[in-house]
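The block underneath contains the structure these notes are about, expressed in structure tokens.
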Amino acid sequence: MKRATGRATGRTERWMAVGPPVGAAALALALLTGWTAVGGAGRSRPVEAGAGSVLLPSAGAASATAAFFTVRNPGDVPDELTGASWEFGGRITLKRHLHQGAAGRWEPVAALPVPGRGALTMSPEDADLVIADPPPLRAGQWVEFTLSFRHSPQLRLRAEVLPPGSRRPG
205 MKRATGRATG RTERWMAVGP PVGAAALALA LLTGWTAVGG AGRSRPVEAG AGSVLLPSAG
265 AASATAAFFT VRNPGDVPDE LTGASWEFGG RITLKRHLHQ GAAGRWEPVA ALPVPGRGAL
325 TMSPEDADLV IADPPPLRAG QWVEFTLSFR HSPQLRLRAE VLPPGSRRPG
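The opening position of the sequence shown corresponds to residue 205 in this note's numbering, with each subsequent residue numbered one higher.
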């Protein structure tokens, strides 16, 4: 009988040594699972954007124009704008201005970043969508675009044609 008690005591002592760390690990796992389930560990949410603008090509200018949108990412996971199309078809190129001291140059890019909990704000000074050979456009006209992203679903948006130098409010 003494021997049986000795084994039970040994098991109890081992459980007393191992139990608290195992219990703490199980509790941490349960809390992390809950935190992830409610979005605390970083959440991917689709990007959002409102109406944009398209520059009215100047008479006698090169046969291209540019479109601008502000794309917001409400989630924690970064995304990327990977392409665009518009109702008239044709080629649209993603372009970014690379600053080099007081000068800089434009360069086509494969994607434009949309940071988590941030925005991609296109402008003539930073990033835009270059539209080659646009059809005749008129100021005040609205045109439809589709923006494609690495992680988010496509966005169908409208953009107003504006004379150079003017901006859409908001």
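Even for Gly, the Cβ is constructed at its ideal location relative to N, Cα and C.
Since the structure is predicted, the reported quantities are computational estimates derived from the model, not experimental observations.
Limits of the unbroken beta strand (DSSP E) element including Phe-272: 268 to 272
Just curious, the beta strand (DSSP E) that Leu-361 is in, first and last residue? 359 to 366
How about the segment 292 to 305 and the segment 327 to 338: do they share at least three Cβ pairs that are nearer than 8 Å? yes
Through-space distance from Glu-311 to Gly-305, alpha-carbon basis: The alpha-carbon atoms of Gly-305 and Glu-311 are separated by roughly 16 Å.
With three or more beta-carbon pairs closer than 8 Å as the criterion, would you say the segment 310 to 324 touches the segment 363 to 373? no
What does DSSP give as the partner residue(s) for His-301 in the beta ladder? Trp-310
By the 10 Å Cβ neighbour count, where 16 or more other Cβ atoms means buried, how is Gly-256 classified, buried or exposed? buried
In whole angstroms, give me the CA-to-CA distance for Glu-284 and Asn-277. 10 Å
When the Cα atoms are used, what is the spatial distance from Ser-267 to Gln-358? 27 Å
For Thr-325, which residues from the same chain have a beta carbon less than 6 Å from its beta carbon, with the 5 sequence-adjacent residues on both sides left out? Thr-274
Three-state secondary structure (DSSP) at Pro-224? Pro-224 carries a helical assignment under DSSP once its states are collapsed to helix, strand and coil.
Cβ atoms of Leu-341 and Thr-269: under 9 Å apart, would you say? yes
Rounded to the nearest angstrom, what separates Phe-353 and Glu-217 at their Cα positions? 58 Å
By Cβ distance, which residues of its chain are closer than 6 Å to Pro-317, with the 5 residues on each side in sequence left out? Scanning its chain for C-beta atoms nearer than 6 Å, with the 5 sequence neighbours on each side dropped, one finds around Pro-317 the residues Glu-284, in chain order.
Note down, in chain order, each residue of its chain lying with its Cβ closer than 7 Å to the Cβ of Pro-339, except the 5 sequence neighbours on either side. Phe-292
Residue range of the unbroken beta strand (DSSP E) whose run includes Ser-262: No beta strand (DSSP E) contains Ser-262, which DSSP labels as neither H nor E.
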